[in-house]
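Below is one structure, written out as structure tokens; the observations come after it.
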Amino acid sequence: MEARKGRRGVSDIVNTHNRLVNASRRVKILRAEGAPADVIAEAEREWQEASTARREAGRRAQ
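Quick note: the sequence shown uses our numbering, first residue 206, plus one each step.
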């Protein structure tokens, strides 16, 4: 049971990390394409949420 919990924690970290990377890339692409400010702002909010989720996943896995 304990090993399972540990593996799930690692999976959670990987998933949240991938979400963070994707959000970061999306912001960079939108900025490069000259997207409207409100679209970029929404992408930045998603990026911030992903960053927070990644940090929390790391704490839970400890």
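Where a beta carbon is used, it is the ideal one built from N, C-alpha and C, also for glycine.
Computed from a prediction, not measured in an experiment: that's the story for all the values here.
Looking only at C-alpha atoms, which of Ala258, Ser229, Arg260 sits nearest to Ala246?
The residue with the shortest Cα to Cα distance from Ala246 is Ser229.
Pop quiz: Arg224 and Ala258 are said to be a contact at Cβ under 8 Å. What is the actual Cβ separation, rounded to whole angstroms?
Arg224 to Ala258, Cβ: 7 Å. Contact.
In three-state terms, what does DSSP make of Gly263?
helix
Supposed contact pair Ala266 and Ile218 - C-beta distance, whole angstroms, cut 8 Å:
6 Å
Local conformation of Val219 per DSSP, three classes:
helix
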